[in-house]
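Colleague:
There are 2 protein chains.
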Amino acid sequence: MDEPTLDVVTVGHAVVDVLAHVDDALVAAHGLAKGTMTLVDLERSAVVYDSMPPGIEVSGGSAANTAAGIASLGGTAAFIGKIRDDFLGEIFLHDLRSTGVVYTTPASTSGPPTARCLILVTPDAERTMNTYLGTAGELDADDVDPALVAGARITYVEGYLVGLPSAEDALAVAVEAAHDAGRRVALTLSDPSWVALQRDAFTALLPSVDILLGNEAEAREITGESDPEAALRGLTKTCPVVAITRGAAGAGASDGNETISVPAEPVTDLEDTTGAGDLFAAGFLLGLAREKPLEACLRLGALAAAEVISHIGARPQTSLAALASDKGLEI
Amino acid sequence: MDEPTLDVVTVGHAVVDVLAHVDDALVAAHGLAKGTMTLVDLERSAVVYDSMPPGIEVSGGSAANTAAGIASLGGTAAFIGKIRDDFLGEIFLHDLRSTGVVYTTPASTSGPPTARCLILVTPDAERTMNTYLGTAGELDADDVDPALVAGARITYVEGYLVGLPSAEDALAVAVEAAHDAGRRVALTLSDPSWVALQRDAFTALLPSVDILLGNEAEAREITGESDPEAALRGLTKTCPVVAITRGAAGAGASDGNETISVPAEPVTDLEDTTGAGDLFAAGFLLGLAREKPLEACLRLGALAAAEVISHIGARPQTSLAALASDKGLEI
C-alpha cells in the first residue's frame, strides 16, 4: 500500500453562502427552526432572499469549509463536490483552490446553477440556513476519484449527503475506496433536523464510520440520549472514535481507551457561528491524521472553531497554523 | 414646478465588488498604481483574480454606494445604472433595493455579464481596483428616466462615467433633465488617474456642475494646484459648491460665501478605505439637499466615511441615521 499523500479528503456540497444579519422575527416569520438547515427550491430561495437585508457572499459548504480549515492549519486536503460553470461556481473554485486545497471535481456544463445557501445570522450569532442545492445535489459516483480517496489518511463525509438518493452511489464509492486502501472514514452528523429526517440512512451508514463527529443536539437525536456523556459512550459502541461539540461548553471525545473533554477557546467577539462545527472538524481530523493524542485533536478543533465564529463567514480569515503555533499546538 | 420627491438620484456603474486582503507585492506585481481604479477586460480580470486569495463578494459601485449611504442616513435616493439578468445582477439589485433605494433601470437580457470589481486591500487599508465593466458600460440615454431625475433635489454623477463614449448620451440626458427642472447637478472626480486620462471630458462637463466633489489627488490633477486650499478656490470659480476630502486630514468645502474645514471622524479600526469617498458624498449631498449649513454637510460626510472604512466593503453595515443622531447631527 502506498503512503498517503493527503491528510484528509472531504466530500460534500459545493455551496456559496449569502449571509446577512437579521432579527429573530424574520427567522420566525419564515417558520424556520433557528440553528438548522432547510433545503429549499429556487422559488422558496427567492422568497427568503427578498426578505433579507443586504448580504455578503462568501464561499461555504460544510465539507469544503473543513478542507479550507485543514489547509489553513498547514495540513493537506482535497475536496470532492459539484459546481456549475457559472460565476458562483467560479467564486467557489477560486476561493477553495487559493487556500491550497486540491479540488478537481469537474464542473457541470448544463443543468441547475451552483448551490447557494441563504444564512440568517441572528443577534445571538446563531445561523439558520436555507440551501438551494442546484448542481451540488447532482454529485454522483463518477465524481469520486478512488485514487484521490485512497491517497488520503481520512475520508470525511458531510452528513448533509446522507439519505440524498443522488449522493448514495458517490458515498458508497468513497467509503469503499477508503476502506480498500486501509484508510479511515469520518462522518459528521451535520444537523439535528437532518438526522431526524434521514435516521435510517444514518443508522445504515454508521457501521462503516471510523470517526464520528456531531454536536449535542445531533448526538441526542441519533442516540435518544439527552446526556452528552451517555450519547458519547453509546456511539463508541459503533464508531471507534467519536467527538461531540457542546458550543460554549467545549467538546468531548472518546477513542475507546480514553474519554477526554476540553473547554471552548475563549472568544471575545462572537459574531457568527456559521462554520463552527466545520472548523472543529478541521482541527480534530488533522490531529487524528497526524496521530496526535486525543486531547491535542480536541484542542486543535476548539482553536479553529473559535477563529471562525469571531467573524462573518465560514472559512478562516487568518492563518490557523500561526494561531496553533502561538498556542504551542504542533501540527 | 413640482416639489421634489427624492433627495438625490445617483448615476453610475452597477458593480459587485470582490474584495481580498493582499500584500503590497501583489499590487506591484500586477503593475497597478495603489489607490486607483483600472478598467480591465475579462481576460485580464481572470489573471488578477487567479492571483488573489479567497475573497468576499459585496455590492458596490461608487454612485450606488452613495445612494445606499443616503438611504442609511434616512434620506431618499434613487440609482440609475445597468446590470445583466444574471446572479451577480440579482445580488446587486437585492442589496440596493433592500436598503430602500429606488432602483428601476431595466436589466439587460443579453450582452456582457454584470460588472465586477476586483479590489486588492493592502495592509495600510488602501484599495486598488480592477473593474470589468460588462453590462454597466452599456448605460445609454434610454436608461435615464427624466422624470426620476426631475424629481430629485440633486442629480449626482460618478466621474467614472465621464469620457466613456457609451455613457455620453446618458450623462447629457441626466444633466439636461436636472437643470430643466431647476435642480442641481453634482459630480465626483472619482479617481486621479481617470481625471488625467479624461481631462478634456471633465473640463467640458465642469461648467454644468453645481456641486463638485473630489479628493486631494483628484483636485491636484484637474487644477494643477498642489495646495488643496488653492485648488478649492480655483474650482469654485467654475462650480458653485466644491468639497475636497483629505483622508485622515479631514475635508474642506466652499460655497463662495464661506470656506470651511472639518477634521476626520476618529476611526479606531481602519480596515478598508473602499467607499470612503462615496460615503462622504452621501452625507455631504444629503446635507445640501436638506439645506443644512456647509459645516453640517461636511460633518455628515465625515461621519458616513468613518463608518465605511472601519469594515471591509463599501456600503454601511449599521444605521448611519442612528450614528448621526448620536453625534447630534440632525438630518
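Protein chains in written order, with our numbering: chain H, 1235 to 1565; chain V, 1235 to 1565.
Heads up, the beta-carbon is just placed ideally off N, CA and C, and yes, glycines get one too.
Predicted model, so just to flag it, every value in this text is computed and none were measured.
Quick one: is asparagine 1491 of chain V buried, meaning 16 or more other Cβ sit within 10 Å of its Cβ, or exposed?
Modeller: It is exposed - the Cβ of asparagine 1491 of chain V has fewer than 16 other Cβ atoms within 10 Å.
Colleague: Note down, in chain order, every chain V residue with its Cβ under 8 Å from the Cβ of leucine 1322 of chain H.
Modeller: Phe1321
Colleague: With respect to the beta strand (DSSP E) encompassing tyrosine 1390 of chain H, which residues constitute its N-terminal and C-terminal limits?
Modeller: Note, tyrosine 1390 of chain H: beta strand (DSSP E), 1386 to 1392.
Colleague: Report the neighbours of arginine 1197 of chain V on chain H: residues whose CB is nearer than 9 Å to its CB, in chain order.
Modeller: The first residue shown for chain V is 1235 and the last is 1565, placing residue 1197 of chain V beyond what the model contains.
Colleague: What is the DSSP secondary structure of glycine 1562 of chain H, counted as helix, strand or coil?
Modeller: coil
Colleague: Just the C-alpha distance for valine 1249 of chain V and leucine 1327 of chain V, rounded to the nearest angstrom, thanks.
Modeller: 10 Å
Colleague: What does the alpha-carbon distance come out to for the pair leucine 1520 of chain V and aspartate 1319 of chain V?
Modeller: So the two alpha carbons sit approximately 31 Å from each other.
Colleague: In whole angstroms, what separates the C-alpha of proline 1380 of chain V from that of phenylalanine 1321 of chain H?
Modeller: 34 Å
Colleague: Along the chain, which unbroken stretches of the beta strand (DSSP E) at least 3 residues long are found entirely within the region 1287 to 1353 of chain H?
Modeller: For the region 1287 to 1353 of chain H, the continuous beta strand (DSSP E) assignments of 3+ residues that do not extend past its boundaries occur at 1290 to 1294 and 1311 to 1314, in sequence order.
Colleague: Just to confirm, are alanine 1485 of chain V and alanine 1536 of chain V a CB contact at a threshold of 8 Å?
Modeller: yes
Colleague: Going by DSSP, what residues sit across from leucine 1588 of chain H in a beta bridge?
Modeller: In the structure as shown, chain H begins at 1235 and stops at 1565. Residue 1588 of chain H is therefore absent and cannot be evaluated.
Colleague: Taking the alpha-carbon positions, what's the valine 1252 of chain V to isoleucine 1353 of chain V distance?
Modeller: 6 Å
Colleague: Beta-carbon separation of valine 1419 of chain V and alanine 1375 of chain V under 8 Å?
Modeller: no
Colleague: Pull up the CB-CB distance for valine 1242 of chain H and alanine 1386 of chain H, whole angstroms please, since I reckon it's below 8 Å.
Modeller: 6 Å
Colleague: Could you run through the region 1346 to 1361 of chain V and flag, in chain order, every residue whose CB is less than 9 Å away from some CB of chain H?
Modeller: Of all residues in the region 1346 to 1361 of chain V, Pro1347, Thr1348 and Arg1350 have a Cβ within less than 9 Å of some Cβ in chain H.
Colleague: Spatial neighbours of leucine 1307 of chain V within its chain, please: C-beta separation below 8 Å, excluding the five flanking residues on both sides.
Modeller: Ala1516, Gly1517, Leu1520, Leu1534, Ala1538, Leu1554, Ala1555, Ala1558 and Ile1565
Colleague: How close, in whole Å, do the beta carbons of threonine 1356 of chain H and valine 1274 of chain H come, if the pair is a contact with beta carbons under 8 Å?
Modeller: Not quite, the Cβ-Cβ distance comes to about 18 Å (not below 8 Å), so this is no contact.
Colleague: Using the Cα positions of glycine 1393 of chain H and isoleucine 1304 of chain V, report the straight-line distance between them to the nearest angstrom.
Modeller: 45 Å
Colleague: Should the region 1447 to 1464 of chain V be called in touch with the region 1412 to 1431 of chain V, which here means at least 3 C-beta pairs below 8 Å?
Modeller: yes
Colleague: Does any CB atom of chain B fall closer than 8 Å to the CB of isoleucine 1543 of chain V?
Modeller: Of the chains in the structure shown, none is chain B; the protein chains are H and V.
Colleague: Taking only beta carbons into account, state which residues of the region 1321 to 1342 of chain V come closer than 7 Å to chain H, listed in chain order.
Modeller: The region 1321 to 1342 of chain V vs chain H, Cβ under 7 Å: Phe1321, Leu1322, Ile1325, His1328, Asp1329, Ser1332 and Thr1333.
Colleague: Thinking C-alpha only, which one of H:Glu1360, H:Leu1382, H:Gly1345 and H:Glu1459 is nearest valine 1335 of chain H?
Modeller: H:Leu1382
Colleague: Are the C-beta of tyrosine 1366 of chain H and some C-beta of chain V separated by less than 8 Å?
Modeller: no
Colleague: CB-CB under 8 Å to lysine 1561 of chain V, same chain, minus the five flanking residues each way: which ones, in chain order?
Modeller: Arg1533 and Leu1537
Colleague: Leaving out five residues before and five after tyrosine 1337 of chain V in sequence, what residues of the same chain have Cβ atoms less than 6 Å from its Cβ?
Modeller: Phe1313, Leu1330 and Arg1331
Colleague: Does serine 1460 of chain V come within less than 8 Å of chain H when only Cβ atoms are used?
Modeller: no
Colleague: Establish whether the CB of glutamate 1291 of chain V and some CB of chain H are separated by less than 8 Å.
Modeller: yes
Colleague: List the DSSP bridge partners of histidine 1255 of chain H.
Modeller: H:Val1355
Colleague: At the level of alpha carbons, what is the spacing between threonine 1369 of chain V and threonine 1239 of chain V?
Modeller: 29 Å
Colleague: In its own chain, which residues sit with a C-beta less than 7 Å from the C-beta of leucine 1472 of chain H, not counting the 5 before and 5 after it?
Modeller: Before going further, note that residue 1472 of chain H is threonine rather than leucine in the sequence given. So the list reads Leu1440 and Pro1441, once near-sequence residues are dropped.
Colleague: Short check: CB of leucine 1373 of chain H to CB of alanine 1404 of chain H, under 8 Å?
Modeller: Yes.
Colleague: Roughly how many angstroms lie between the CA atoms of aspartate 1506 of chain V and alanine 1482 of chain V, to the nearest whole one?
Modeller: 13 Å
Colleague: Could you have a look at aspartate 1588 of chain V and say whether DSSP puts it in helix, strand or coil?
Modeller: With chain V running from 1235 to 1565 in the structure shown, residue 1588 of chain V is simply not present.
Colleague: Going straight from the alpha carbon of alanine 1487 of chain H to that of arginine 1417 of chain H, what length do you get?
Modeller: 20 Å
Colleague: Does DSSP classify threonine 1244 of chain V as helix, strand or coil?
Modeller: If DSSP states are grouped into helix, strand and coil, threonine 1244 of chain V belongs with the strands.
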